[in-house]
Every structure is written in structure tokens, then in C-alpha cells.
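Undergrad:
Residue numbers (the working numbering), protein chains in the order written: chain A, 23 to 332; chain B, 7 to 251.
Below, the structure is given as C-alpha cells:
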């Protein structure tokens, strides 16, 4: 049995008299002990899905279970067994660091001491501020306190809603190291993120956009399915290169990707030598075409385009 | 003349020095990436450059105006958007454009022309009378950028403009930045996406209130023998001592 099972979940909201579909017929399963990522932009439906699974919201139709319990009929059991860290800081701002942690421990009939091992690595980093009010902590510290509070009752399944949004690249890496340590303690983790590069840190991911799952697989499994020949193209004048590549009739897609542009052609066997020659004539220096493997972000954009067309 | 010129700019809050004697210039029409870890002092520095917070010491000229003497003129010459605050959610697209146009002193006929142009270039014609809150995030951000540019400012400040935006829209947004810079607007931008740092003409990286590195991405990658800007950033940000507490 999966730690989380989701079958045909659908959720709509009414906004300004019109109906918005937040989740359309979502199904997936998360295995015990898995680190599962929901990867997608804001508005994809990630938070709605987490709120349904943590029994804070009801779906319109479909069913779901967490740790073997039904999210509707057995919601009380689920609440004892999950840890949830919402995207927005939701602890008590006017309680101190230590008071917040002991409050959450008490709610779940446990104590800080009993499960200290689980939160130790994280809590030691904020322990020197334990008498500070939570509202006066910096963003990074708040995040560590929130994670400690979500873990203090040793949950079977941990839900982390965009824990790394707005967080710098160094702190993001540190946070993922923490998650990998937690995974070793047999906790199933569902984490959502808009950062595509974090997909590779998960065991499996669901790519989600506009309430739909575009694909579910291991990160390698997803990138292997990319079925175009992908080229990285560089020159000394990258903006000029971008506009001129987009003007080439053979080009199917062209996106800036950091220091290179990623390009696919309408014909996967396209002779790039011809296009290279044409661009050199347009004045590009140090022009370089290179065959590359697709990453998660290439796949995400390709799947988005496929959905736009269909 | 430089678009921004900063010498020894410093901001202290009590005994804490948030921004510590930073010195740099930004050229007209340049895309300048302003990077740093959380708590490095970026927001404080940016607030000073926008005329929203007075420095403790140091000098700065923004769009040709002195930060101490002409903060109000600076505010009129710049555009600003951030991920956290941009448009009024409970006003329609038309009302937001009208509101910001009015704030920046555009005449009714200018607002009318700008509204038509802006809405058609973003292909939002059918949505013009919809509330901003009904728009997807990516559209909101593109609209917000266009609104920040409604008075043709010399400089536009973008504070994490693409956070949480889908990968295609994120690139469309950067295309808008490239176009603005091509027309001569100076773009001052912060981001946590390291691939976006590569799109800047030059970037600065703040560590503990100071500018630890400044240069074109290609120069910085050579200097720090890094394969990309992400590596440059990690090397520098890991040196931070003060943390974000």
C-alpha cells in the first residue's frame, strides 16, 4: 500500500461567479519512504492538493488516502500522522521559538525530549534564539522552526509546501540536505517547488501545471522521454542570437537557458551546418552548436507546449 | 552620465550595518543583476536607490538626481515592481493602468494611448475589464512590468520578478527585459534563479552587506574558475559570516 494514494481528485472554486478548476482528475501514488516532488509554477494546484491530503479541504470528487486512512472518513487519524509545513509562515508569532515547538509537541501528546533526535539537526541551528519571539526571526530561521514544529510528533508523512520559494541558492541546498537526512529516518516526504532544478533531488516527481499532471516518473525517466534532438547554441551576442534563431524557418523552439540557448528543429535530423553558416553570415562570432541531453526544465516546457496545442 | 552611481553607500540600523560602504556604477541601458543571499542587504540597498530609505552615509546619484536632495524626483524617474507587491488585485486591468498612469502624472489622452498599446502588446484585449486577481501569475507579472514602465522611466527596478512563474513565461518575461534594455531603459534586477544571472550584462554579488564581486558573468566565471554563475554565487555566498539572523 502506498503512503499516499490519490484517485481522480477534482477540485473547483468559484471566483467572481465563474468556476476555476484547481485540480482536474489527479491520480498518483507515493510509496513508503519516498521523497516525492510536485514540481510546477504558482497556480498549478500544488497547495490545493496538499490541503486536500492534509484534510483541510474537501475535494469535489475522487478519493485519497494518507498512511492508509481515508482523507474524508478517517481525517482524525490522518491529522495525528502527518506533518504539514504550509507555504506561508503559520506559527505563533508572539510565542518564542521554544514555546512554539513545545506547543506543537503538546498538541500531539508528546514532548520535545521524546523526539528530539528527529529535529536535532535542524533545531540546533535555531536553539540559540530559543527565547526570541517567532515573529522576530529571519526568513531562514522561521523556515527551520516551522520544519521542526512539523516534525516534532514524528509524522509518518511530511507535507512541505514550497519550502524553498524565495530562498537563495545556498540555503536551498542546505534545506535539501536536511530533507535527505529526514528520508533516512523512514519518513515519507511530499515536497512542492516551482524550481525545476530541484526535481533531480527527488526520487520521483509529478510535473504539474494548471491543475493537471503532465508526467510522473523518476527525474531520469522524465528526461529520457524527451523525444526531440536538443541543441545548445552559443555565440558572443546572445540576445541577437535569440532573435535570429527564432527567425529561422527550421527552428521549432528556442529558449534562453542561462549562458546558452536550447533549440529544437522541426526536423530532428536537420543539417545544422546550413543554419550555422547562415548565422555566421549574420555576423555571429564564436558560434557553437552542441548536441545535449534534455533536463527537467526542457521537458516541462515541451509538455506545456504539447498541452497548449492540444 | 551613469544611470546609477553609488559611493560608499551605508545603512545602519542601530548597531547593525545592513549595507556596508558599497560602491558601484550602472550604465544607461544596462541589465544589472543585483545578487546576494537572503539577508545580505539587497533589499535595504534597493530601497535606498528608489528613494524610499535614507542612507546613513555615502553618496548616490540615480537617474541624474542626488539621493539626499531629490528623492522625490528619483521616484518619478524610475519604475518598480516586485513579486510581493505589484498591482491592485481588486481593480481591473484597465483600472490598474489608469491608476498608475495617474500616479506618474500622465494625461488622460496619454493614459488612453498607453492602455491600448499595453493591452494589445500583451494580448490582454479580452481581459481588460477583468480583475487582476483572476489572472494567472505569469500574466500578472508581465502586466506589472509593463505598468512599471508606463511613464517611460529611465531605470526600472525589478525585485525577484519571476519567482514562482512557469518556465515558458519566465523566458517571455526576460524577453521583455531584453527589449526594454535594447530601447535604452536601464534594468536593475534581483533574482534567485542563477540561469537569469547569466542574462545580465553585469552582476554584483552582495555578501554580509558588502559587494563581494562585480563584473560581467563571463569575467566572474573566469575569476572564480566556475562553470556557471550558480557556482560563482555558491562560492561567494558560502563565505557569509553573519547568516540571516
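Backbone N, C-alpha and C fix where the C-beta goes; we use that ideal spot for every residue, glycine too.
Which one of 174(A), 229(A) and 291(A) has the shortest CA to CA distance from residue 122(A)?
TA: Of the listed residues, the one whose Cα sits closest to residue 122(A) is 174(A).
Undergrad: Just to make sure I have the definition right: I need the residues of chain A whose C-beta is within less than 8 Å of the C-beta of residue 174(B). Which are they?
TA: Within 8 Å Cβ-Cβ: 277, 323, 326 and 327.
Undergrad: Quick one, are the C-beta atoms of residue 193(B) and residue 162(B) less than 8 Å apart?
TA: Cβ distance < 8 Å, so residue 193(B) and residue 162(B) count as in contact.
Undergrad: List the whole-angstrom C-beta distance separating residue 184(A) from residue 254(A), where the pair is believed to meet the contact cut-off of C-beta under 8 Å.
TA: Not confirmed; about 30 Å, so no contact.
Undergrad: To be precise: take each residue of the region 157-183 of chain B, compare its Cβ to all Cβ atoms of chain A, and keep it if any distance is under 9 Å. Which residues remain?
TA: Result list: 166, 169, 170, 171, 172, 173, 174, 175, 176, 177, 180 and 181.
Undergrad: Just tell me which of 114(B), 157(B) and 98(B) has its CA closest to the CA of residue 132(B).
TA: Nearest of 114(B), 157(B) and 98(B) to residue 132(B), Cα basis: 98(B).
Undergrad: Here's the rule I'm using: 16 or more other beta-carbon atoms within 10 Å means buried, otherwise exposed. How should residue 215(B) be labelled?
TA: Label assigned to residue 215(B): buried.
Undergrad: What residues from the region 207-220 of chain A come within 9 Å of chain B, judged by C-beta to C-beta, listed N to C?
TA: Going along the region 207-220 of chain A in chain order, one finds 216, 217, 218 and 219 with a Cβ nearer than 9 Å to chain B.
Undergrad: Around the Cβ of residue 75(B), are there at least 16 other Cβ atoms within 10 angstroms (buried) or fewer (exposed)?
TA: Classification of residue 75(B): exposed, given that the 10 Å Cβ count is below 16.
Undergrad: What is the rounded straight-line gap between the Cα of residue 19(A) and the Cα of residue 18(B)?
TA: The structure shown does not extend to residue 19(A), since chain A is modelled only from 23 through 332, so no value can be given for it.
Undergrad: Mind checking residue 109(B): buried by the 16 CB within 10 Å criterion, or exposed?
TA: Exposed, since its Cβ has fewer than 16 Cβ neighbours within 10 Å.
Undergrad: Taking 8 Å as the CB-CB cut-off, is residue 200(B) touching chain A?
TA: Taking Cβ atoms only, chain A reaches closer than 8 Å to residue 200(B), which makes this a yes.
Undergrad: Among residues of its own chain, excluding the 5 on either side of residue 113(A), which ones have a beta-carbon nearer than 7 Å to its beta-carbon?
TA: Around residue 113(A): 122, 156, 167, 168 and 171.
Undergrad: With three or more C-beta pairs closer than 8 Å as the rule, is the region 31-40 of chain B touching the region 208-224 of chain B?
TA: Because the criterion of three Cβ pairs below 8 Å is met, the region 208-224 of chain B and the region 31-40 of chain B touch.
Undergrad: Is there a Cβ of chain B sitting closer than 8 Å to that of residue 41(A), yes or no?
TA: Chain B contact via Cβ: absent.
Undergrad: So is residue 214(B) in contact with chain A if we call contact Cβ pairs under 8 Å?
TA: Not an interface residue.
Undergrad: Have a look at residue 207(A) and residue 25(A) and give me their C-alpha separation to the nearest angstrom.
TA: Straight-line Cα distance between these residues: approximately 15 Å.
Undergrad: Based on Cα-Cα distance, which residue from 126(A), 317(A), 95(A) and 136(A) lies nearest to residue 229(A)?
TA: That would be 317(A), whose Cα lies nearest to the Cα of residue 229(A).
Undergrad: In angstroms, rounded to a whole number, what distance separates the CA positions of residue 251(B) and residue 196(A)?
TA: Its pLDDT being 47, under 50, residue 251(B) is placed unreliably in this model, and the coordinates cannot settle the point.
Undergrad: Decide if the region 55-65 of chain A is in contact with the region 73-85 of chain A; the criterion is three or more beta carbon pairs, one per stretch, under 8 Å apart.
TA: They do not touch, by the three-pair rule.
Undergrad: Measuring alpha carbon to alpha carbon, tell me which residue in 233(A), 212(A) and 231(A) is nearest residue 223(A).
TA: With distances taken between Cα atoms, residue 223(A) lies closest to 212(A).
Undergrad: Measuring straight from C-alpha to C-alpha, what distance separates residue 62(B) and residue 78(B)?
TA: If I take the Cα positions, the gap works out to 18 Å.
Undergrad: Among residues of its own chain, excluding the 5 on either side of residue 83(B), which ones have a beta-carbon nearer than 8 Å to its beta-carbon?
TA: Result list for residue 83(B): 68, 69, 70, 71, 159, 160 and 161, in chain order.
Undergrad: Measuring only between beta-carbons, confirm whether residue 244(B) sits less than 8 Å from chain A.
TA: Chain A, which has a Cβ nearer than 8 Å to the Cβ of residue 244(B), makes this yes.
Undergrad: Counting Cβ pairs closer than 8 Å, one from the region 248-265 of chain A and one from the region 282-292 of chain A, do we hit at least three?
TA: Yes: the two stretches touch, three or more of their Cβ pairs being nearer than 8 Å.
Undergrad: Any beta carbon from chain A within less than 8 Å of residue 142(B)'s own beta carbon?
TA: Yes, residue 142(B) lies at the interface with chain A (some Cβ there is under 8 Å from its Cβ).
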